[in-house]
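Enquirer:
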Amino acid sequence: MATQRMLKFVTTPRDMPAKREAADRRDDFHEIYAEFADAKAQEQSGRCSQCGVPYCQSHCPLHNNIPDWLRMTAEGRLEEAYALSQSTNTFPEICGRICPQDRLCEGNCVIEQSGHGTVTIGSVEKYITDTAFDMGWVKPSLPARERDESVGIIGAGPAGLAAAEMLRRAGVQVTVYDRHDRAGGLLTYGIPGFKLEKEIVMRRIRLLEESGVEFVTSCNVGEDLSFDAIRGKHDAVLIATGVYKSRDLDAPGAGASGIVRALDYLTCSNRKSFGDEVEEFESGELNAAGKKVVVIGGGDTAMDCVRTAIRQGATSVKCLYRRDRANMPGSQREVQNAEEEGVEFVWLSAPAGFEAGEGEAVSGVTISKMRLGAPDATGRRFPEVIEGADYLEEADLVIKALGFEPEELPKLWGVTGLDVTRWGTIRADFSTGRTSLDGVFAAGDIVRGASLVVWAIKDGRDCAEAILAHLAQAVNVVAAE
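Residues in the sequence shown are numbered consecutively from 36, following this note's numbering.
1) Is it true that the CB of Phe262 sits closer than 7 Å to the CB of Trp448?
2) Using beta-carbon positions only, say whether Thr276 and Gly190 come within less than 7 Å of one another.
3) Please report the Cβ distance between Val186 and Val207, rounded to the nearest whole angstrom; I am assuming they are in contact, meaning their Cβ atoms lie under 8 Å.
4) With a 10 Å radius around its C-beta and 16 neighbouring C-beta atoms as the bar for buried, classify Ile421 as buried or exposed.
5) Use the C-beta contact count for Phe465: other C-beta atoms within 10 angstroms, 16 or more gives buried, fewer gives exposed.
6) I'd like to know if the segment 410-421 and the segment 430-438 are in contact, where contact means that at least 3 CB-CB pairs between them fall below 8 Å.
7) Could you pull out every residue in the same chain whose Cβ sits closer than 7 Å to the Cβ of Thr456, ignoring the five residues on either side in sequence?
8) Looking at Val328: is its Cβ nearer than 7 Å to the Cβ of Cys354?
9) Sorted by chain position, which residues of the same chain lie with C-beta nearer than 6 Å to Gly495's C-beta, five sequence neighbours on each side aside?
10) Taking all protein chains shown into account, do 16 or more other C-beta atoms lie within 10 angstroms of the C-beta of Arg346, making it buried, or fewer, making it exposed?
11) Mind pulling the alpha helix (DSSP H) runs of 4 or more residues that sit fully within the segment 169-247?
12) Buried or exposed: Lys446, going by 16 or more other Cβ atoms within 10 Å of its Cβ?
13) If you check the beta carbons only, do Phe476 and Gly484 fall under 7 Å apart?
14) Out of Ala391, Glu315, Asp103, Ile265, which one is the CA nearest neighbour of Ala286?
15) Are there 16 or more other CB atoms within 10 angstroms of the CB of Cys144, so buried, or fewer, so exposed?
16) Starting from Ser403 and walking both ways along the beta strand (DSSP E), at which residues does that stretch end?
17) On the criterion of 16 or more Cβ atoms from any shown chain inside 10 Å, does Gly517 qualify as buried, or is it exposed?
18) On the DSSP letters alone, give me the boundaries of the alpha helix (DSSP H) that Lys268 sits inside.
19) Going by DSSP, which residues form a beta bridge with Ile461?
20) With DSSP as the reference, please indicate the residues paired to Gly388 in a beta bridge.
21) In this structure, how does DSSP classify Asp249 when only helix, strand and coil are distinguished?
22) On the CB-based measure, 16 or more other CB atoms within 10 Å of its CB, does Thr336 come out buried or exposed?
23) Using 8 Å for Cβ pairs, my map puts Val352 next to Gly319. What's the rounded Cβ distance?
24) Which whole runs of the alpha helix (DSSP H) in the segment 92-159 are 4 residues long or more, in chain order?
25) Can you round the beta-carbon distance between Val251 and Tyr212 to whole angstroms, since I take them to be within the 8 Å contact cut?
26) What residues in its chain sit with their C-beta under 6 Å from that of Ala499, if we drop five residues either side in the sequence?
27) Starting from Pro418, follow the beta strand (DSSP E) in both directions and report where the run begins and ends.
28) Using alpha carbons as the reference points, say which of Cys130, Cys86, Leu273 lies closest to Arg239.
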């Protein structure tokens, strides 16, 4: 099976487009092997040692029964493999594409640890589900009986969608409210299409609609509809807004034009992929074509930005990160992908300021060289500035990918009694998602902080179970009265 580790590219400007295209297809059995896809999936699945202690499963947030569906795939029992995969993972076709398997299941595979190369679990998971859709095995989650209770979900990202699917399966009436014009949250607008094809997300949204989930899009809670109105309409409410407030830079010249937020840049690119008219793209404000691009940050969002800039035709793309490669938070696999596609990483570097040229547009980044000093409170070595080592890096577009923080929801929504932590996340029970307000639950990044999609799916599923228990308790109370 071709994986991101097995395919190596030596990229030159002449062959860059071909390399990017190949990289976009590298994990797709159907594209790479065509009629040999089944055989390659069986071959990789058959490499699973079926070890007594499945570390792949224990390191998966959803605790997917990976060894069993690998065995079923190796035996050609694909429909059973899909059913088992779907039983613990609401969106296996999405996780198979975007999960950082190198940090989770694949990175802890016994075969990988023994030095023989991991079973490419993510590619097999993707293959199983894509085959299931092609064969018509994937059906809407229609309940055995309908229930009168209703749940309002604020946020149509992975946590909200996972909860919606489980609640509908139980017959609960579900309405999902979202600020964007399309459901999916970061799956739709935050993750580039070369990692997660938008039709894959829209296909899953259609399935949810067919199961009876109602979507109310372009709805800003607190403006178009009050939180109290949503709470009054439903028997329970789930807050699954995610965290979308970008961390900012406090440096001289940071207000120059051409210095943009990562989420704005990625959203613009994804809207173009849907065929939308996007003024900021057409004007060049959020378009990297023909520009020298500098991306600041070392997480997966930064990797999405640098790889998007390459595809848009940037003349150069450099990524600044204040620590070294071993200490960066993003997936090492994504770094490798970006390097193969022509991105230059400038390690132990941080922006000290920005130069503005004609018309106050950014023309360069003043970069401070760093070294790693003593460990900080988290145990990571803290970066220190090397005095006198600053230099200027030319740039036409600077993208800030410094992470995300929660918005001040109680203030935005005019809600009293909704407790938040000192970090601004909603204070909720981690096992049930219960908040300080009766009948109000929270799940995903708005509770745990910016994290992985697979964790959001788990939180949404867990929260749905807690909501069902809450609804059952309410019915029992009414019956007792």
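Note that beta-carbon positions come from the ideal geometry of N, C-alpha and C, so glycine has one too.
Expert: Reading it off the structure:
1) Taking 7 Å as the Cβ cut-off, Trp448 and Phe262 qualify as a contacting pair.
2) In this structure, the beta-carbon distance from Thr276 to Gly190 falls below 7 Å.
3) Val186 to Val207, Cβ: 6 Å. Contact.
4) The residue in question, Ile421, is exposed, as its Cβ has fewer than 16 Cβ neighbours within 10 Å.
5) With fewer than 16 neighbouring CB atoms inside 10 Å of its own CB, Phe465 falls in the exposed class.
6) The segment 410-421 makes no contact with the segment 430-438: fewer than 3 CB pairs, one atom from each, lie closer than 8 Å.
7) Taken in chain order, the residues that qualify are Arg462.
8) Cβ distance not < 7 Å, so Val328 and Cys354 don't count as in contact.
9) Excluding sequence neighbours, Gly495 sits near Ala194, Ala197, Ala198, Ala478.
10) So Arg346 ends up on the buried side.
11) DSSP runs (the alpha helix (DSSP H)) wholly in the segment 169-247: 193-204, 221-224, 233-245.
12) By the neighbour-count rule (16 or more Cβ atoms within 10 Å), Lys446 is not buried but exposed.
13) For Phe476 and Gly484, no; Cβs fall outside 7 Å.
14) Cα-wise, what sits closest to Ala286 is Ala391.
15) Buried, since its Cβ has 16 or more Cβ neighbours within 10 Å.
16) From DSSP, the beta strand (DSSP E) with Ser403 extends over 397-410.
17) Within the shown structure, residues of the chain are numbered from 36 to 516, placing residue 517 beyond reach of any answer.
18) It spans 262-268 - the alpha helix (DSSP H) in which Lys268 sits, taken as one unbroken run.
19) Under DSSP, Ile461 forms a beta bridge with Val455.
20) Paired residues: Thr401.
21) Correcting the residue type first, residue 249 is Glu in the shown sequence and not Asp. In the structure shown, Glu249 adopts extended strand secondary structure according to DSSP, grouped into three states.
22) With 16 or more other CB atoms across the displayed protein chains lying within 10 angstroms of its CB, Thr336 is buried.
23) Cβ atoms of Val352 and Gly319 stay farther apart than 8 Å, at about 16 Å.
24) Listed in chain order, the complete alpha helix (DSSP H) runs (minimum 4 residues) inside the segment 92-159 are 101-109, 113-123, 127-133, 145-148.
25) Contact between Val251 and Tyr212 holds: their C-beta atoms lie close to 5 Å from each other, under 8 Å.
26) These residues qualify, in order along the chain: Ala198, Met201, Leu202.
27) Going by DSSP, Pro418 is part of the beta strand (DSSP E) stretching over 416-420.
28) Nearest C-alpha to Arg239: Cys130.
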